[in-house]
Amino acid sequence: MTKLSTATRAVVRQQFPNLARDVKSFPVRDGEEPWTLKEAEEQAATLLEERERLERELTEADQELSELLRNSGDGAGDDQADSGSSALEREQELTLVNNMRDLLEQTKHALDRIAAGTYATCEATGLPIGKARLQAYPRANLSVEAKQREERR
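Next up, the structure:
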């Protein structure tokens, strides 16, 4: 577990004024200790930092993609290999940007769930997601079992 600075803890408490109350209702799986306020604050801080990082990186990646698209015809000449290479580079950059957007949306959704007091509850079953799963992947909104069922479909 990471130790939160006083400033980070203040930001978390400002963003999530009901966290001290809500954390008591965060469900846990059998055999897990109840969520503590410190653990919930650490999860929220991690997600807030992740949101900030992803927003910054997405802005940079969008600019790079725009530059690639703007210059897609420049310098390629009539060589098919150069055109193919440029198209592959654009496709890879577009995939990267789309993946970042998905991660940002998942991060924002997890923050919304903390604010709403529904964090740690599986959206498919209403059962606990599990502390260990959330500490490993704070954006998780499904229990392992629900995620496995979803992936089988």
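Residue numbers (this note's numbering): 971 to 1123.
Every residue gets a Cβ at the ideal spot worked out from N, C-alpha and C, and that includes glycine.
The model shown is predicted, which means the values in this text are computed figures rather than measured ones.
Item to complete: Could you check if G1100 is buried or exposed, using at least 16 other CB atoms within 10 Å of its CB as the buried criterion?
Response: buried
Worksheet item: If you drop the 5 nearest sequence neighbours on each side, which residues of the same chain put their C-beta closer than 6 Å to that of E1002?
Response: K1101
Worksheet item: Given that a residue counts as buried once 16 or more other Cβ atoms are within 10 Å of its Cβ, and exposed if not, what is S1113?
Response: buried
Item to complete: Could you check how far apart the C-beta atoms of Q985 and A1031 are, in whole angstroms? I think they sit under 8 Å.
Response: Not quite, the Cβ-Cβ distance comes to about 25 Å (not below 8 Å), so this is no contact.
Worksheet item: Hey, out of L1024, R999, L1073, V1067, whose CA is closest to S1036's CA?
Response: V1067
Worksheet item: So what's T1091 in DSSP terms, helix, strand or just coil?
Response: strand
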